[in-house]
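Trainee: Dropping a structure here in structure tokens format, bear with me for questions.
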Amino acid sequence: LDLISDILDMSKIEAGKYELALEEFNIAKVIRMAIHMMEGRAVDKEIKINLDCKNENLKIVADRRAVMQMVLNLLSNAVKFSHRSGTVDITLKEGKDTLSITVKDQGIGIPANKLANITLPFEQAESHYSREYEGTGLGLSITKELSEIHGGNLSIESKLGAGTSVTIKLPYKAKK
Numbered sequence: 002l003d004l005i006s007d008i009l010d011m012s013k014i015e016a017g018k019y020e021l022a023l024e025e026f027n028i029a030k031v032i033r034m035a036i037h038m039m040e041g042r043a044v045d046k047e048i049k050i051n052l053d054c055k056n057e058n059l060k061i062v063a064d065r066r067a068v069m070q071m072v073l074n075l076l077s078n079a080v081k082f083s084h085r086s087g088t089v090d091i092t093l094k095e096g097k098d099t100l101s102i103t104v105k106d107q108g109i110g111i112p113a114n115k116l117a118n119i120t121l122p123f124e125q126a127e128s129h130y131s132r133e134y135e136g137t138g139l140g141l142s143i144t145k146e147l148s149e150i151h152g153g154n155l156s157i158e159s160k161l162g163a164g165t166s167v168t169i170k171l172p173y174k175a176k177k
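Count along the sequence shown from 1, then add 1; that gives the number in the numbering used here.
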């Protein structure tokens with residue numbers, strides 16, 4: 002069902018038919034809920050998820066479901082590609098015009114030659130034959146597109162064997 006949902010979301014995005022349901026909400030609460038939803042997988046791998054949030058009352062105007070999906074996609078990847086007993090750090094940072102949500106792991110990392118294409122639909126860092134990790138290769142693509150629909154962007158920094166840091170920048174008030 003997750004695969005079907007991802008494919009449908011990607012199809013809507015590519016067709017220009019994805020419509021944001023904008024509302025004001027507390028972004029820290031959404032991030033905390035996403036962390037709670039990922040706790041089971043994290044506990045299975047003995048991974049600790051840390052949140053650094055200076056403003057617990059920060060409100061934004063965005064599509065709550067889409068923001069939750071973006072954060073869950075990043076957390077899911079961070080936990081999936083982290084080493085056992087590792088840590089995943091989430092930082093919520095306020096800027097002048099945008100807020101940043103950064104998810105950083107100390108996992109396997111992404112090869113430099115794959116970084117440019119990793120956000121393309123169905124693209125994955127490892128080849129189809131050598132992949133140890135399950136996934137469709139849609140999570141980062143959907144996250145990038147959803148951030149852009151909100152008027153933001155996604156950036157990735159990674160070092161093979163040392164981990165990955167993915168940052169979503171979103172305006173405080175998205176426009177339809």
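The beta carbon of each residue, even a glycine, is placed where N, CA and C say it ideally should be.
What residues in its chain sit with their C-beta under 8 Å from that of N74, if we drop five residues either side in the sequence?
Mentor: Counting from one through the sequence shown, the residue named residue 74 turns up at place 73. Answer for N74: G140, L141, I143, T144, listed in chain order.
Trainee: When we look at the beta-carbon of R65 and count the other beta-carbons within 10 Å, is it buried (16 or more) or exposed?
Mentor: In the sequence shown, counting from the first residue as 1, residue 65 sits at position 64. It is buried - the Cβ of R65 has at least 16 other Cβ atoms within 10 Å.
Trainee: Count the CB pairs spanning the region 82-97 and the region 38-56 that are closer than 8 Å, and state whether there are at least three.
Mentor: Yes: the two stretches touch, three or more of their Cβ pairs being nearer than 8 Å.
Trainee: Mind checking who N154 pairs with in its DSSP beta bridge?
Mentor: On the sequence shown, position 153 is the one that residue 154 refers to. In DSSP, N154 forms a bridge with K170.
Trainee: May I have the straight-line CA-CA distance separating G153 from L161, to the nearest angstrom?
Mentor: As a first step, residue 153 must be located in the sequence shown, where it is residue number 152. As a first step, residue 161 must be located in the sequence shown, where it is residue number 160. Between G153 and L161, the C-alpha separation is close to 27 Å.
Trainee: Which residues bound the alpha helix (DSSP H) around D98?
Mentor: Residue 98 sits at position 97 when you count from the first residue of the sequence shown. Per DSSP, D98 belongs to no alpha helix (DSSP H) and is neither H nor E.
Trainee: Assuming H151 contacts L21 (C-beta within less than 8 Å), just tell me the rounded distance between them.
Mentor: Position 150 of the sequence shown, counted from the start, is the residue given in the question as residue 151. Position 20 of the sequence shown, counted from the start, is the residue given in the question as residue 21. The pair is a contact, with the Cβ atoms about 7 Å apart (cut-off 8 Å).
Trainee: Apart from the five residues on each side of it in sequence, which residues of its chain come closer than 7 Å, Cβ to Cβ, to K46?
Mentor: For the purposes of this step, residue 46 is identified with residue 45 of the sequence shown, where counting begins at 1. V80, S83, R85.
Trainee: Between K170 and N27, what straight-line distance do the alpha-carbon atoms span, to the nearest angstrom?
Mentor: Locating residue 170 in the sequence shown gives position 169, where the first residue counts as 1. Locating residue 27 in the sequence shown gives position 26, where the first residue counts as 1. Straight-line Cα distance between these residues: approximately 16 Å.
Trainee: For Y173, I'd like the list of residues in its chain whose CB is within less than 6 Å of its CB, leaving aside the five on either flank, ordered along the chain.
Mentor: Within the sequence shown, numbered from 1, the residue matching residue 173 stands at position 172. So the qualifying residues of the chain are I61.
Trainee: At what residues does the beta strand (DSSP E) containing L23 begin and finish?
Mentor: Position 22 of the sequence shown holds residue 23. L23 -> beta strand (DSSP E) spans 23-27.
Trainee: Report all residues from its chain with a CB closer than 8 Å to the CB of I14; omit the five preceding and five following residues, and keep chain order.
Mentor: Residue mapping note: residue 14 aligns to position 13 of the sequence shown, counting from 1. Answer for I14: I143, E146, L147, I150, listed in chain order.
Trainee: Buried or exposed: V68, going by 16 or more other Cβ atoms within 10 Å of its Cβ?
Mentor: Against the sequence shown, residue 68 aligns to sequence position 67. Buried: at least 16 other Cβ atoms inside 10 Å.
Trainee: The alpha helix (DSSP H) that contains A79, what's its start and end?
Mentor: Along the sequence shown, one-based indexing puts residue 79 at 78. Segment 65-81, the alpha helix (DSSP H) holding A79.
Trainee: Sorted by chain position, which residues of the same chain lie with C-beta nearer than 8 Å to M39's C-beta, five sequence neighbours on each side aside?
Mentor: As a first step, residue 39 must be located in the sequence shown, where it is residue number 38. Same-chain partners within the cutoff: I50, L73, L76, S77, V80.
Trainee: Would you kindly report the start and end of the unbroken beta strand (DSSP E) that includes I119?
Mentor: To locate residue 119, count along the sequence shown from 1; it is residue 118. Per DSSP, I119 belongs to no beta strand (DSSP E) and is neither H nor E.
Trainee: With a threshold of 16 other CB atoms inside 10 Å of the CB of K105, please say whether the residue is buried or exposed.
Mentor: Taking the first residue of the sequence shown as 1, we reach residue 105 at position 104. Classification of K105: buried, given that the 10 Å Cβ count is 16 or more.
Trainee: Using a Cβ-Cβ cut-off of 8 Å (strictly less than) and excluding sequence neighbours within five positions of V31, which residues of its own chain qualify?
Mentor: In the sequence shown, residue 31 corresponds to position 30, counting from 1. Counting only Cβ-Cβ distances below 8 Å, and skipping sequence neighbours, we find R65, V68, M69, V72.
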